[in-house]
Amino acid sequence: MTTLKVLLVVFVGFAGGLAVGTGFVAFLVVLGVIPRLTQLTKTTKRIHAYEWSAVAGAIVGGWMSLCHSVWHLSKYWLVPIGLLHGVFIGMLAAALTEVLNVWPILAKRIGVDDKIVALLMAIAFGKVAGALFHWLYFVDYFR
Amino acid sequence: MILLSAKQTKEKQNGDKGVKQMATTVFIKPRHRVQVKPGAVVTLGEVAQMTGGDGGLIRRLKAIPLYRIQPSDKNIVIIDMMHIVRAVLDADPSLDVQMVGPSQTIVEVVYEKRRFSMASFLLVWLLLFVGSAMAIMNFHEDVSMQQVHRHLYQMMTGQSVDKPLLLQIPYSLGLGIGMVLFFNHWFRKRINEEPSPLEVEMFNYQQAIDQYVILHENKESMRHLDDA
């Protein structure tokens, strides 16, 4: 009976991981962040390495968040990690506005073809300002 | 690429008459999109590129009026390839007309350009700025990012802090960098000449609109029951 239970739990865990993993990959593919990065850096040949880096990152992150390991590193390691984290989320956000076709419609409807870069900057600065405001002030008042 | 020839029918006519003569060939390529002023008369030379025959013939053909823009036309008029062929053959039935390229021209009537006021631009700018700031805050709350960051800080350093700003401030700056990087704004000239996703997106949108108006504004492309 216990063996059966163990097998069942293993099966359920594996199935859950499989579903989440495929969802994650589908999300990355739809948003096209990896092709965009290879296009920027002209490293299309290395695209398989990038795939594996996304997979490895997902596995390491999943494992770390589940097993509560502690590494006792210097706190300054968090600066580059935070920066990379932000760049990745920023690219996801940018890709999302692109998939939703925000820009062409904005440009056509309001007629601001020539000022579109300024509007893009509005969104980028808005994200930075919103995030800083959130971490520096907002979190103190709503806990 | 569409290639249309009025040659065969003409050869038949000539054959019937028993007269064999070389017809002058004119190649006509309609432009994709042409801008004109309201009330203007659109001539063949504006709508299409032409070559063949002698200079005088081409000059004569280029001056053929095709259409006068009416106020009821609003923004878009489609000049169909058949309209062009008909106009050329009316001018000189002995010509051999060879059509190449797109099968119609989109004529865009440009009314006086609406000045986009600075005030409304600033309003849109502020709207996007505040909107995206709120959106990112809601996203952070939605995915409990504060807790994830605290957890990560503790995992890396072994200490527990309330506000892991050392992680969060670089993260916030990275957000902006990532967005700008995605739209290829800094590296456009330096790294490559490929269009940015934004430019490709604008192009695709314009193509879709062109396809739509080609089919829907062109009276000759569709036949309805009540048209008889």
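Chains as they are written, first to last, in my numbering: chain A, 294 to 436; chain B, 270 to 497. Just so it is clear, CB atoms sit at the ideal spot from N, CA and C, and this is done for glycine as well. Remember, predicted model here, so these are calculated numbers, not experimental data.
inquiry  = Using a Cβ-Cβ distance cut-off of 8 Å, determine whether A/Ala417 contacts chain B.
reply    = yes
message = Taking 8 Å as the threshold (beta carbon to beta carbon), is A/Leu321 in contact with chain B?
response = no
ask   = Under a CB-based cut-off of 8 Å, is A/His427 close to chain B?
value = yes
key: Close Cβ partners of B/Met319 (< 8 Å) along its chain, the five nearest in sequence each way excluded   = Val295, Phe296, Ile297, Lys298, Leu313, Ile327, Leu330 and Lys331
task = For my contact list, B/Gly445 and A/Gly383 are in at a C-beta cut-off of 8 Å; report their separation, rounded to the angstrom.
result = 6 Å
task = Inspect the CB distances between the segment 341-353 of chain A and the segment 407-423 of chain B and report whether three or more fall short of 8 Å.
result = no
request  = Rounded to whole angstroms, what's the CA-CA distance from B/Pro340 to B/Ala477? Just pull it up for me.
outcome  = 25 Å
message = Give me the subset of the segment 325-347 of chain A whose CB atoms are less than 9 Å from a CB atom of chain B, sorted by chain position.
response = Gly325, Val326, Arg329, Leu330, Gln332, Leu333, Thr334 and Lys335
task = Would you kindly work out how many angstroms separate the C-alpha atoms of B/Asp479 and A/Ala411, rounded to a whole number?
result = 27 Å
is_contact[B/Lys343, chain A] using C-beta, thresh 8 Å = no
task = Taking C-beta pairs closer than 8 Å, name the residues in chain B that A/Leu301 reaches, listed in chain order.
result = Near A/Leu301 there are no residues of chain B at all, since even the closest Cβ is about 30 Å away, more than 8 Å.
key: Neighbourhood of B/Pro464 by C-beta distance below 8 Å, restricted to the same chain and skipping five residues each side   = Phe472
query = In the DSSP assignment, what are the bridge partners of A/Ala422?
reply = BP columns for A/Ala422 are empty, so no partner.
inquiry  = Run through the DSSP bridge pairs and tell me what B/Ser304 is partnered with.
reply    = One detail in the question is off: residue 304 of chain B reads as Gln in this sequence, not Ser. B/Glu377, per the DSSP bridge assignment.
inquiry  = Would you call the segment 370-377 of chain A in contact with the segment 339-351 of chain A, where contact means no fewer than 3 C-beta pairs closer than 8 Å?
reply    = no
query = Under 8 Å, do B/Arg300 and B/Val316 count as touching if we go by C-beta distance?
reply = yes
message = Can you look up A/Ala342 in the DSSP assignment and give me helix, strand or coil?
response = helix
query = Closer than 8 Å, CB to CB, is B/Ser372 near chain A or not?
reply = no
message = Please give me, in chain order, every unbroken run of the alpha helix (DSSP H) with length at least 4 that falls completely inside the segment 398-472 of chain B.
response = 414-426 and 434-451
request  = Note the first and the last residue of the continuous beta strand (DSSP E) segment covering A/Val363.
outcome  = From DSSP, A/Val363 is part of no beta strand (DSSP E); its letter is neither H nor E.
Chain B contact for A/Lys408 (CB, 8 Å cutoff) = yes
Contact belief for B/Phe398 with A/Phe418 at Cβ below 8 Å, rounded distance in angstroms = 6 Å
query = Beta carbon of A/Lys420, beta carbon of B/Met448: below 8 Å?
reply = yes
task = Taking only beta carbons into account, state which residues of the segment 463-493 of chain B come closer than 7 Å to chain A, listed in chain order.
result = Glu463, Pro466, Leu467, Glu470, Met471 and Tyr474
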